[in-house]
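All remarks here apply to the structure that follows.
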Amino acid sequence: MYRKLAIAIGVIMAAGAGALANGAMFVGPGPWITGNDTGGIFPYSPAIETTYKQIAENYCARWHRLSHVTSVHRVYGDYVSFVCIDKPTVIH
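Start counting the sequence shown at 8; every next residue gets the next number (my numbering).
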């Protein structure tokens, strides 16, 4: 049983390493974003003051959705939160 588990873990790690070697990112357009298809958060820093809307937009574009920034706490290390909303022309 332990052998099967070790093989499974090895396969998963090899697949992840291969994806990273090819330039894939598991969490979207930046490694600091936490979220899913309904929205997310990422840490605020003064360096992203002019681009935080674009970061949220790029993240939601993965699911063909629009973004809406819901809060920006302009304290270093605090978070910018956003939601992903459906486009008016998309039918599920």
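Here a beta-carbon is modelled for each residue, glycine too, at the ideal position from N, C-alpha and C. Computed from a predicted structure; not experimentally measured.
Self-check item: From Ser88, Asp93, Lys94 and Thr96, residue whose alpha carbon lies closest to that of Ile40
Solution: One-based indexing of the sequence shown puts residue 40 at position 33. For Ile40, the nearest C-alpha among the options comes from Ser88.
Exercise. If I'm right that Tyr83 touches Tyr51 with Cβ under 8 Å, what's the distance once you round it to whole angstroms?
Key: Against the sequence shown, residue 83 aligns to sequence position 76. Against the sequence shown, residue 51 aligns to sequence position 44. Contact holds; Cβ gap of about 7 Å.
Quiz item: Ala63 to Phe49, Cα distance in whole Å?
Solution: In the sequence shown, counting from the first residue as 1, residue 63 sits at position 56. In the sequence shown, counting from the first residue as 1, residue 49 sits at position 42. Those two C-alpha atoms are separated by around 9 Å.
Practice problem: Identify whether Tyr86 lies in helix, strand or coil by the three-state DSSP scheme. | Solution: Residue mapping note: residue 86 aligns to position 79 of the sequence shown, counting from 1. Strand at Tyr86.
Exercise. Let me know the secondary structure DSSP gives Ser95 once reduced to three states.
Key: Counting from one through the sequence shown, the residue named residue 95 turns up at place 88. The identity of residue 95 in the sequence shown is Pro, whereas the question assumes Ser. In the three-state scheme derived from DSSP, where H, G and I count as helix and E and B as strand, Pro95 is classed as coil.
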